[in-house]
Amino acid sequence: MLLDDHDNACVLLLEAPTGRVVTAATVRDRVAQIIQAKRGLAFLLAARTAESATWLLALIEARYPVALLDSDNTWPNIAGLIDRYRPDLVVDPTGQHVGRLVASPQGARGQLVEPTVWRASEGGPEPHEDLAVLLATSGSTGSPKFVRLSSANVRTNAEQIVDSLGVTAEDRGVTALPLFYSYGMSVLTSHALARSPVLVTAGSVLDESFWSELVRYDVSFFPGVPTTYGMLKRLGFDQRNLPHLRALTQAGGRLARELVGFFHRVMTRKGGQFFVMYGQTEASPRIACLPSERLPEKLGSAGIALAGGELSIRGQDGDELAAGGIGEIIYRGPNVMMGYAESREDLAMGATHGSTLATGDLGYLDDEGFLYVTGRSKRICKLAGARVSLDDVEIIATGLLRGEGQIAAVDGGDAGVSLFATDLDNLSVVDLRRRLARHLRVSLRLIDVRRVDALPLLPNGKTDYATLGRVLGAGPEPT
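For the record, in the sequence shown the residue sitting at position 429 is 441 according to our numbering, with numbers rising by one throughout.
Listed below in structure tokens is the structure:
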């Protein structure tokens, strides 16, 4: 699969702060252990540890389907998924949940074969031979719906990422994102394919020790989502000395143009590159990448389709739109998922989705095929009878604040749009309301701006809009 041509001595993982090394031989030893039992379904309760990463690579190599779950998920959520999917193997590298599993009714149908590994006494229906990875559609909420990815999906997208970013065996990545998150998983798989070691750390960008580890282990590739880059700017990233860092990659949502420009300038000055990418879990997960050298002239673009893929825009009537026409973004490529699953029985199905993915995102292509994402089809509100993209509201507000702070826009229903923003004082709140209302050409009463110390985040680092929506019940903050 990913390691077919790798020497046993090839280093795949470096664990901080211990310095532990995981080689291809280590992963192959784990593969030999896995394939002793009948092929079934594994649940991996993944954390940012070398043990979790080793299990993930080994299960993929063994072609033993694995569902990636957040190790910090609640036991009731995990137990509900175990009931529904009846995994044959549950791997809990951190040991957070294995005790509860053994003591539960689900645990009675199997036993521990290692201190953190539980195996069922009798397996369930065998999954389809092509199935490799299951990724949750809703982060860590415990939703039973998974995206089914084949071995070919995972391998193809790893190849596409390596090709678009130019990852080599001389590079080193880092687990700055959760392994159960599609973007975080793709960092591991693409670097493994390229024989590029990944530094495994659970550190945060807020910790000085995290940056010391990046220097100590010569990390050259750093991945982040929009909230990551918002924090990095405020933390003075441009002043940091990271001698080996040659590339920053960004996905997981639109990053404000001001921040894209800022990080491009910073990396250019340091002799490196800043890559903007676009993807969805259903595409294994990367779809497009903006070549760093084209960024200044294509500022705001998410790039061009990865090798072997094709982008188009579909209008409301179902017809393909010409360059400049805004509609739903459609992607076709070999990395499009097999389909969805909502039960153990669904895992036996082959590919049911075809190679075409209707993303649910809105955007347009320019005359060179560069993609510009304008919003999410469901992220729409009505202001004075007009449809307005909440993503556009965030971009506009970020521009008005010159890229300072973090912004999240939520549909307030009849009350208009509610904007949650960090780093604002009383005068800034009043000023932002006034300027945003003027820009959108709506009444001031339809704009609600609220100060927050920090935006709530999902485990994958994206803004938790559901929590913000629940906050609206408290009423607007006085201004």
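Cβ coordinates follow ideal geometry from the N, Cα and C atoms, glycine included.
| Item | Value |
| --- | --- |
| Cα-Cα, which of Gly351, Asp378, Pro303, Pro471 is closest to Asp142? | Gly351 |
| If you count every other CB in all the chains shown that lies within 10 Å of the CB of Lys310, and 16 or more means buried, which is it? | buried |
| Smallest Cα separation from Leu484: which of Thr168, Asp100, Asp426, Glu380? | Asp426 |
| Mapping the DSSP letters down to three states, classify Ile299 as helix, strand or coil. | strand |
| Beta-carbon separation of Leu5 and Ala58 under 7 angstroms? | Outside the modelled stretch of the chain, which goes from 13 to 491, sits residue 5, for which no answer is possible. |
| In three-state DSSP terms, what is Glu294? | helix |
| How many Å lie between Val130 and Leu56 at the Cα? | Looking at the sequence provided, one finds Trp at residue 130 rather than Val. So the alpha carbons of these two residues sit roughly 11 angstroms apart. |
| Just to check, is the beta-carbon of Ile299 closer than 6 angstroms to a non-hydrogen atom of the ligand GDP? | This structure simply doesn't include the ligand GDP, nor any ligand for that matter. |
| Pop quiz: Gly375 and Val385 are said to be a contact at Cβ under 8 angstroms. What is the actual Cβ separation, rounded to whole angstroms? | 4 angstroms |
| Give me the Cβ distance between Phe520 and Leu260, rounded to the nearest whole Å; I'm assuming they're in contact under 8 angstroms. | Not covered by the structure: residue 520. The range shown for the chain is 13 to 491. |
| Would you report the Cα separation of Val34 and Arg344, rounded to the nearest angstrom? | 36 angstroms |
| Are there three or more Cβ pairs, one per stretch, closer than 8 angstroms when the region 194-209 is compared with the region 158-170? | yes |
| Which runs of the beta strand (DSSP E) fall wholly inside the region 202-271 and span at least 3 residues, in chain order? | 210-212, 233-236, 259-262 |
| Give me the Cα-Cα distance between His80 and Asp19, rounded to the nearest whole angstrom. | Sequence inspection shows Leu at residue 80; the His mentioned does not correspond to that position. Using only the alpha carbons, I get a separation of about 27 angstroms. |
| Spatial neighbours of Pro238 within its chain, please: CB distance less than 6 angstroms, with the 5 preceding and 5 following residues excluded, ordered by chain position. | Gly265, Leu267 |
| Whole angstroms are fine: how far does the CA of Arg447 sit from the CA of Pro99? | 54 angstroms |
| For His365, I'd like the list of residues in its chain whose CB is within less than 6 angstroms of its CB, leaving aside the five on either flank, ordered along the chain. | Met349, Gly351 |
| Among residues of its own chain, excluding the 5 on either side of Asp104, which ones have a beta-carbon nearer than 8 angstroms to its beta-carbon? | Leu57, Ser83, Val110, Leu113, Thr128, Val129, Trp130 |
| In terms of residue numbering, what span does the alpha helix (DSSP H) encompassing Leu311 cover? | Per DSSP, Leu311 belongs to no alpha helix (DSSP H) and is neither H nor E. |
| Buried or exposed: which applies to Lys245, given that a residue is buried once 16 or more other Cβ atoms fall within 10 Å of its Cβ? | buried |
| Below 8 angstroms CB to CB, which residues in the same chain sit around Arg356 once its five sequence neighbours on both sides are set aside? | Leu53, Arg96, Tyr97, Arg98, Gly136, Pro137 |
| Rounded to whole angstroms, how far is the Cβ of Pro346 from the Cβ of Ala164, which I believe are closer than 8 angstroms? | 7 angstroms |
| Within the continuous alpha helix (DSSP H) that includes Ser163, where are the two ends? | 163-177 |
| Please say whether Ser232 and Arg258 have beta carbons closer to each other than 7 angstroms? | yes |
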